[in-house]
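Chemist: Below is a structure I'd like to ask you about.
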Amino acid sequence: MRDPRAEARVGDFERDYPLLAWLDERGLGEVPALADAVRRSRAFRRAHIDPAALAVEREAARDPAFVARDVVGAAARYGWFTMMVPRLFGGQGLPLGVMMIALEEVSAGCLGLANLIAVHGLALSTVGATGDVRGMARVCRRLAASERDGEPALLSTAITEPGAGTDMEDARLLRTARLVSEARPVRGGYLLSGRKVFISNGSIAETHVVVMPTDRSRPVETMAVFLVDRGAKGLSIGRVERKMGQKACPAAELVFEDCFVPDTDRLRGSSVATRVLDLTLGATRGGVGVFGAGVARGAYERALSWAQDHRIAGRPALEHAWVRATLVEMRRNVMIARAAYLEAMLSNDLYGLGSVLRPGLIERAVRHVPDGWLDGPMVRRLVEDRRVTKGLVRRIAEMPEAEVGVAAALGAHAKVTGSDLGVRNSELALEIAGADGLRHDAGLEKLLRDAKLLQIYEGTNQLNRIEIGQRLVTEVPHG
Amino acid sequence: MDEARLMRDGVERFARSCLEPHLATVEGYPGAVPAEVIEGLDALGLRDVDVSDAGGRMLLAQALEALASHAGSCAALALADIAARALLTDAPAGRGAFPLYEELRHADPRLLVGSVGALPHLAGEARMVVGAPMAAWLALPAGGDPDGPATHLAVVSTTAPGVRVGAPIRTLGMRGAHAADVVVEGVAVPRCHVVPLDADRLACLRGPALAIGAGLAASSLADALAYARERIQGGRPIVEHDEVRDMLAGMRAAVALCRSAARTLCEDPSEAELFVHAREQAARAAADGVQVLGGNGYMEDYGQERRMRDARQACFLFGRGTELRLARLVP
């Protein structure tokens, strides 16, 4: 029987994650799982991401709707899509940190593929943050069953609108946002109208988690979350965008024209515009920080590899002091980005979404119950009991604002830090490789194109800085 | 002054009537540059400007800035032809191509010069020769010692037996300025086509090269400003938000710096640090242009992501920044 703890001692884990290795020494029980995630995800990256990255990008440049189904299939065999899903709903119930560490590995290989196989995390987080247990069960069980079948039912999250991107992610800005979407209440449900744009995996998702107000004139008070299945009447896929980078993950427009959604598919829970988005973005902006750490590392690794194999001005590149100094700077950037997302992860687990979804009483009670039994009628009844949802919603609503704010701010902190350093390392990698780096086939120029998006999505870095300021530095409203 | 205005007007006419309708084709990959675009570019007469004179260089810089504000790659294509000619006393007829992204003083010669009988004999390769697929001739760095720096410039015809020009390389930016690898297999050339390399003659093009960054930064600023005045966030145009204003101010400073630095470099091309610093600011301004436009800036149809890619690639004209900076103090 393999002992992940023993492997953690001898592998790269201690060198790369000294904080976690230290916690392991002090007996934090979750660390072996994290070390195991490093080992497994590195193997996954070597086998499925690195060899495919450039070819997939070229194909997606030709056809923006292209999807690397074989990579999605390999990720399903790896269990990628159910890592965060509670065991109660057919998932693996692993700590958020496992997902983050695995994500750094894949991001180091290709940010586009990383987004393709990880952006469902945004949907799961949004659904989880509402506290609607029945909705969580529906989404998670479908994802888990489809993963077992090898064809995961991907999820997308539709938030951004043509006239409101960053506005949608901040309650203060939302009040005056120029929204074009509205979910009008009708008998038995809602009629969704409007457009959502730049939706990652929007063209291929089986279920869309749609964030839309029921009254456009009062978006903060009436923002709601809906589950809409692919093929729903009144929902169509608009244009699939031609992007500068991250081409492996299609970004599409969703067009709603009186798309009927039954009452049962509106998730019930806390205020969407404030608590749900705070919890969601606190978790997922940390994820963008992971992307940043990953691409920073990918740039470092590729620049080092180039320098080991090439000469500059008649001498081996590594004999130049400026090349070595640049590589040291790049390695330092990786460590800073990683430290930032680990802080966000820990804070999220203490005060954010992680604390909401942390295995509770029921999950602990079923820890030793075989998977098959978890799908039984008794557990189903328990999950769908309105009182369970009510309890979780109350728990979310009662979370102290200051604590949620810290988790949200540290998520934003990780996002800004990781994305800025990811871009910086991509530029430094180009500087080391010179003209060679400008060529697509060298695998370096793609890093910069991919990394730039990290400074934009999940709220621009400018908005994230404002939020960090308001939550951690000063309460004075930003002018 | 009139000459400069005439040339800028010519560039604007070319851009509007000839370049803009073909921009998507020119900048795509695998892209094609229609013959009429090449002919229109050549007709601007940029290659006839006397770059040995500071006034000529300034004239050229203004034209390249105007050209780059429409398409950086067209400016790079023109620069490759001009750079090839700048190193030769008697350049051949037709369009020339040149490896624009090499630091010639330090380039490892992959093209070796030997001699067979009385004639110089060339064998080896040259990488990323800008404009090679649409050129009549190539100016390539060469040398006799594979471990020493390039010492000569060799001129070879693209149609000579033994010369193979590869397919356009997919690059970060400047995609319309097709760059290709060239393989030369045992080609004998006239003695006058292998000349000692005088890298200083190339350095005199730093001002015009920087003007490409200025054009990309200036057009980024214009689009970002227009967008920021239109786009509403938090109930007011984003131009009223400090964070956006700060980026726009930085972009404006970058444009001013690049223009001023280009003028200085046209007068004194030895200011390598200024060349490197200013073009880096231009690349930053173009990236900030994407940031101001947010998600829209990242999409190809707004054109800003192309400027960001082009401006970053322009940071490698005549070599890496670090090499150029370090070489100045300790040659």
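Protein sequences, first through last, are from chains Y and G.
In short: position in the first sequence from 1, add 7, done, that's the working numbering.
In short: position in the second sequence from 1, add 3, done, that's the working numbering.
For each residue, glycine too, the CB sits at the ideal point set by N, CA and C.
1. Let me see if you follow: with CB-CB separation under 7 Å, is Arg12 (chain Y) close to chain G or not?
2. What residues of chain Y sit near His181 (chain G), judged by a beta carbon separation below 9 Å?
3. Over the uninterrupted alpha helix (DSSP H) stretch that includes Asp265 (chain Y), give me the two end residues.
4. Roughly how many angstroms lie between the CA atoms of Asp222 (chain Y) and Arg239 (chain G), to the nearest whole one?
5. Starting from the Cα of Ala125 (chain Y), find the closest Cα among Y:Asn471, Y:Ser200 and Y:Met107 and give me that residue.
6. So does the segment 57 to 71 of chain G actually touch the segment 199 to 218 of chain G, counting three or more Cβ pairs closer than 8 Å?
7. Give a yes or no on whether the minimum CB-CB distance between Met251 (chain Y) and chain G is below 7 Å.
8. Give a yes or no on whether the C-beta atoms belonging to Cys261 (chain G) and Gly216 (chain G) are separated by under 7 Å.
9. Just verifying my parser: in three-state terms, what is the DSSP assignment at Lys240 (chain Y)?
10. Can you have a look at Thr271 (chain Y) and say buried or exposed, based on whether 16 or more other CB atoms are within 10 angstroms of its CB?
11. Would DSSP call Arg22 (chain Y) helix, strand or coil?
12. Which same chain residues, not among the five before or five after Gly237 (chain G), have their C-beta less than 8 Å away from its C-beta?
13. Give me the Cα-Cα distance between Gly209 (chain Y) and Ala288 (chain G), rounded to the nearest whole angstrom.
14. Quickly, what does DSSP pair Lys203 (chain Y) with across the bridge? List them, please.
15. Tell me which same chain residues have a C-beta within less than 8 Å of the C-beta of Val363 (chain Y), skipping the five on either side of it?
16. For a cutoff of 7 Å on Cβ pairs, would you count Ala320 (chain Y) as touching chain G?
17. Could you tell me whether any Cβ in chain G is nearer than 7 Å to the Cβ of Glu248 (chain Y)?
18. Using the DSSP secondary-structure output, state which residues sit across from Pro220 (chain Y) in a beta bridge.
19. Does the Cβ of Thr162 (chain G) have 16 or more other Cβ atoms within 10 Å, making it buried, or fewer, making it exposed?
20. Can you list, in chain order, the residues of the segment 448 to 465 of chain Y whose Cβ is nearer than 9 Å to any Cβ on chain G?
21. Counting contacts by CB-CB distance shorter than 7 Å, is Tyr339 (chain G) in contact with chain Y?
22. Please state the DSSP three-state secondary structure of Met406 (chain Y).
23. By the three-class DSSP mapping on this structure, what secondary structure does His215 (chain Y) have?
24. Given this structure, state the Cα-to-Cα distance separating Ser230 (chain Y) from Ala310 (chain Y), to the nearest angstrom.
25. Of all the alpha helix (DSSP H) runs that stay within the bounds of the segment 404 to 452 of chain Y, which reach a length of 4 or more residues?
26. Just to make sure I have the definition right: I need the residues of chain Y whose C-beta is within less than 7 Å of the C-beta of Glu105 (chain G). Which are they?
27. Less than 6 Å between C-beta atoms, sequence neighbours within five positions excluded: which residues of the same chain meet that for Leu435 (chain Y)?
28. Would the segment 217 to 231 of chain G and the segment 281 to 301 of chain G be scored as touching if the rule is three or more Cβ pairs under 8 Å?
29. Excluding the five sequence neighbours on either side, which residues of its own chain have a C-beta within less than 6 Å of the C-beta of Val295 (chain Y), listed in chain order?
30. How would you label Trp29 (chain Y), buried or exposed, when you count the other beta carbons within 10 angstroms and need 16 or more for buried?
31. Just to confirm before moving on: does the CB-CB distance between Ala252 (chain G) and Ala286 (chain G) stay below 7 Å?
32. Return the CA-CA distance between Ile319 (chain Y) and Ala442 (chain Y), expressed in angstroms with no decimal places.
33. Run through the DSSP bridge pairs and tell me what Val155 (chain G) is partnered with.
34. When DSSP labels each residue in this structure, what does Asp93 (chain G) get in the three-state scheme?
35. Check whether the Cβ atoms of Ser163 (chain Y) and His215 (chain Y) lie closer than 7 Å to each other.
36. Specify, as a first and last residue, the run of the alpha helix (DSSP H) that Asp51 (chain G) falls within.
Modeler: In this structure, then:
1. Here residue 12 (chain Y) is taken as the residue at index 5 of the first sequence, counted from 1. Residue confidence is low: Arg12 (chain Y) scores 49 on pLDDT, short of 50, so the model does not pin down where it sits. Its coordinate-derived value is still stated next. Judged by the 7 Å Cβ criterion, Arg12 (chain Y) is not in contact with chain G.
2. As a first step, residue 181 (chain G) must be located in the second sequence, where it is residue number 178. Near His181 (chain G) there are no residues of chain Y at all, since even the closest Cβ is about 13 Å away, more than 9 Å.
3. Reading the first sequence from its first residue, position 258 is the one you call residue 265 (chain Y). It is not in any alpha helix (DSSP H) - Asp265 (chain Y) instead sits in the beta strand (DSSP E) that spans Ala258 to Pro269.
4. By one-based count along the first sequence, residue 222 (chain Y) stands at place 215. By one-based count along the second sequence, residue 239 (chain G) stands at place 236. Taking the straight line from one Cα to the other gives about 21 Å.
5. Residue mapping note: residue 125 (chain Y) aligns to position 118 of the first sequence, counting from 1. Residue Y:Met107 is the option with its Cα nearest to Ala125 (chain Y).
6. Taking 8 Å as the limit for Cβ pairs, the verdict is that the segment 199 to 218 of chain G does touch the segment 57 to 71 of chain G.
7. Walking along the first sequence from the start, residue 251 (chain Y) turns up at place 244. Cβ-Cβ to chain G under 7 Å: yes for Met251 (chain Y).
8. Residue 261 (chain G) sits at position 258 when you count from the first residue of the second sequence. Residue 216 (chain G) sits at position 213 when you count from the first residue of the second sequence. Cβ distance < 7 Å, so Cys261 (chain G) and Gly216 (chain G) count as in contact.
9. For this step, residue 240 (chain Y) is matched to residue 233 along the first sequence. Note: Lys240 (chain Y) maps to coil in three-state DSSP.
10. Translated into the one-based positions of the first sequence, residue 271 (chain Y) becomes position 264. The residue is exposed, with fewer than 16 neighbouring Cβ atoms inside 10 Å.
11. Start at 1 with the first residue of the first sequence, and residue 22 (chain Y) comes out as number 15. Reduced to three states, the DSSP call for Arg22 (chain Y) is helix.
12. The residue given as residue 237 (chain G) occupies position 234 in the second sequence. Correct list, in chain order: His244.
13. To locate residue 209 (chain Y), count along the first sequence from 1; it is residue 202. To locate residue 288 (chain G), count along the second sequence from 1; it is residue 285. The straight-line gap from Cα to Cα measures roughly 31 Å.
14. Counting from 1 along the first sequence, the entry for residue 203 (chain Y) is found at position 196. In the DSSP output, where bridge partners are listed per residue, Lys203 (chain Y) has Y:Leu261.
15. Taking the first residue of the first sequence as position 1, residue 363 (chain Y) is located at position 356. Around Val363 (chain Y), the same chain offers Gly135, Ala136, Gly138, Leu286, Leu399, Arg402, Ile403 and Met406 as residues with beta carbons nearer than 8 Å, after the five sequence neighbours per side are excluded.
16. As a position in the first sequence, residue 320 (chain Y) is number 313, starting the count at 1. True, the Cβ-Cβ gap to chain G drops below 7 Å.
17. Your numbering for residue 248 (chain Y) matches position 241 in the first sequence. Closer than 7 Å: yes.
18. For the purposes of this step, residue 220 (chain Y) is taken as the residue at position 213 of the first sequence. Its beta-bridge partners are Y:Met230.
19. Looking up residue 162 (chain G) in the second sequence gives position 159. Exposed, because fewer than 16 other Cβ atoms sit within 10 Å of the Cβ of Thr162 (chain G).
20. Answer set for the segment 448 to 465 of chain Y: Asp448, Leu451, Glu452, Lys453, Leu455, Arg456, Lys459, Leu460, Gln462, Ile463 and Tyr464.
21. In this structure chain G extends from 4 to 334, so residue 339 (chain G) is not present and cannot be described.
22. Taking the first sequence and counting its residues from 1, the one referred to as residue 406 (chain Y) is at position 399. In this structure, Met406 (chain Y) counts as coil in the three-state DSSP scheme.
23. The sequence position of residue 215 (chain Y) within the first sequence is 208, counting from 1. Taken through DSSP and simplified to helix, strand or coil, His215 (chain Y) comes out as strand.
24. Translated into the one-based positions of the first sequence, residue 230 (chain Y) becomes position 223. Translated into the one-based positions of the first sequence, residue 310 (chain Y) becomes position 303. The sequence shown places Met at residue 230 (chain Y), rather than the Ser named in the question. So the two alpha carbons sit approximately 46 Å from each other.
25. 408 to 440
26. Sequence index remark: in the second sequence, residue 105 (chain G) carries index 102 (1-based). Within chain Y, the C-beta atoms nearer than 7 Å to that of Glu105 (chain G) come from Ala442, in chain order.
27. Against the first sequence, residue 435 (chain Y) aligns to sequence position 428. If we look at Leu435 (chain Y) and ignore the five residues flanking it on each side, its Cβ neighbours are Thr333 and Met337.
28. Result yes; three or more Cβ-Cβ pairs closer than 8 Å.
29. The count along the first sequence starts at 1 and reaches residue 295 (chain Y) at position 288. The answer, listed in chain order, is Lys422, Leu461 and Glu465.
30. The count along the first sequence starts at 1 and reaches residue 29 (chain Y) at position 22. Answer is exposed; the Cβ neighbour count stays below 16.
31. For this step, residue 252 (chain G) is matched to residue 249 along the second sequence. For this step, residue 286 (chain G) is matched to residue 283 along the second sequence. Going by C-beta atoms, Ala252 (chain G) is not nearer than 7 Å to Ala286 (chain G).
32. Working through the first sequence from its first residue, we reach residue 319 (chain Y) at position 312. Working through the first sequence from its first residue, we reach residue 442 (chain Y) at position 435. So the alpha carbons of these two residues sit roughly 11 Å apart.
33. Working through the second sequence from its first residue, we reach residue 155 (chain G) at position 152. For the sequence presented, residue 155 (chain G) should be read as His rather than Val. Looking at the DSSP assignment, His155 (chain G) forms a beta bridge with G:Ala145 and G:Pro199.
34. Residue numbering aside, residue 93 (chain G) sits at position 90 when the second sequence is read from its first letter. Coil.
35. Here residue 163 (chain Y) is taken as the residue at index 156 of the first sequence, counted from 1. Here residue 215 (chain Y) is taken as the residue at index 208 of the first sequence, counted from 1. Yes.
36. Locating residue 51 (chain G) in the second sequence gives position 48, where the first residue counts as 1. Run containing Asp51 (chain G): none; DSSP gives neither H nor E here.
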